[in-house]
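2 protein chains.
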Amino acid sequence: MLNIQELDSNRLEMAASMLKAIAHPVRVAVLKHLEGGKKLTVTEIHDLLGIEQSTTSHHLGILKDKGVLCSRREGKNTYYYLKHDILSQIVDCLQRCTCE
Amino acid sequence: MLNIQELDSNRLEMAASMLKAIAHPVRVAVLKHLEGGKKLTVTEIHDLLGIEQSTTSHHLGILKDKGVLCSRREGKNTYYYLKHDILSQIVDCLQRCTCE
DNA sequence: CACAAATATTCATATATTTGCATCTGTAAA
DNA sequence: TTTACAGATGCAAATATATGAATATTTGTG
């Protein structure tokens, strides 16, 4: 049985966990590339960012697992895209704050 | 739209580093308590969140170091407050996204 | 089926983070 | 100046995260 404090703490955990998923330079870059509803495959991201295929897949898995991205397989490719387009505002907001 | 500057690796590092500072349940909770320009002392936060004094101080130090909070000493107390009030929108945005 | 392409997973290593005790510094009051 | 309060810091153990090589899985093609 959950009380109010436990619910609050669950929501804090959820928010922090989503933020932690985004809080990595590679994953911020992924988000920026997916702004505006764009869908990209693992290979496209791996080429765009110049990182290993398996590293790319790990990062995308983290973002998907924490509810930041969704994926859809189409043939041999898996397209990744933002689950909530609003999330890209977070990055923009941060970049405004780090611009001074 | 994407441009090269927005994807610059220094900017990515900065944005990720600020996000990483926030991406912890305790620190999300701190941000929520400081919404709207409120200023709280280390002891007040330590009491509000029910965590150790030194742990509280460590977390506040991380937030200050990464440019999320500012602090001002007044006598024996040190007041912490948001550097950019807009940052509390990040937490609200996330909580909207984790509400489904 | 055999093969290649795209992606995911396993595993090991390196690195970073979290926590709190003990302690140190700074400040105010007696 | 002695004492107590408020906060910061050094340290160490536990835990978590990042990376990439090797390998496995899934899917399309011939």
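Protein chains in written order, with this note's numbering: chain A, 1 to 100; chain B, 1001 to 1100.
Heads up, the beta-carbon is just placed ideally off N, CA and C, and yes, glycines get one too.
Subject >> Under 7 Å by beta carbon: chain B residues contacting residue 84 of chain A >> reply: Along the first sequence, read from residue 1 onward, the residue named residue 84 of chain A stands at position 84. Against chain B, a Cβ distance below 7 Å from residue 84 of chain A picks out 1097.
Subject >> Paired residues, beta bridge with residue 74 of chain A - DSSP >> reply: Indexing the first sequence from 1 puts residue 74 of chain A at position 74. Partner(s): A:77.
**OP:** Could you tell me which residues DSSP pairs with residue 1041 of chain B in its beta bridges?
**Re:** Here residue 1041 of chain B refers to the residue found at position 41 when the second sequence is read from its first residue. In the DSSP output, where bridge partners are listed per residue, residue 1041 of chain B has B:1079.
**OP:** Output the boundary residues of the alpha helix (DSSP H) element that contains residue 1062 of chain B.
**Re:** Locating residue 1062 of chain B in the second sequence gives position 62, counting from the first residue. Residues 1053-1065.
Original post:
When you check each C-beta in the segment 1002-1033 of chain B against every C-beta of chain A, which residues fall closer than 9 Å?
Top reply: Going along the segment 1002-1033 of chain B in chain order, one finds 1002, 1006, 1007, 1009, 1011, 1012, 1013, 1014, 1015, 1016, 1017, 1018, 1019, 1020, 1021, 1022, 1023, 1024, 1025, 1026, 1027, 1028, 1029, 1032 with a Cβ nearer than 9 Å to chain A.
Original post:
With 16 as the cutoff for other CB atoms within 10 Å, does residue 1027 of chain B come out buried or exposed?
Top reply: As a working mapping, residue 1027 of chain B is identified with position 27 in the second sequence. Buried, by the Cβ-count rule.
Original post:
Which residue's Cα is closest to the Cα of residue 1087 of chain B: B:1047, B:1023, B:1072, B:1010?
Top reply: Within the second sequence, the letter at position 87 stands for residue 1087 of chain B. Answer by Cα proximity: B:1023.
Subject >> 8 Å contact criterion, which residue 1040 of chain B and residue 1034 of chain B should meet: CB distance rounded >> reply: Numbered from its first residue, the second sequence carries residue 1040 of chain B at position 40. Numbered from its first residue, the second sequence carries residue 1034 of chain B at position 34. Contact holds; Cβ gap of about 6 Å.
**OP:** Look at residue 1080 of chain B and residue 1064 of chain B and say whether their C-beta atoms are less than 9 Å apart.
**Re:** Counted from its first residue, the second sequence places residue 1080 of chain B at position 80. Counted from its first residue, the second sequence places residue 1064 of chain B at position 64. Yes. Within cutoff.
Original post:
Can you name, in chain order, every residue of its own chain whose Cβ lies under 6 Å from the Cβ of residue 1062 of chain B, other than the five neighbours on each side?
Top reply: On the second sequence, position 62 is the one that residue 1062 of chain B refers to. For residue 1062 of chain B, where only same-chain residues beyond five positions count, the Cβ hits under 6 Å are 1021.
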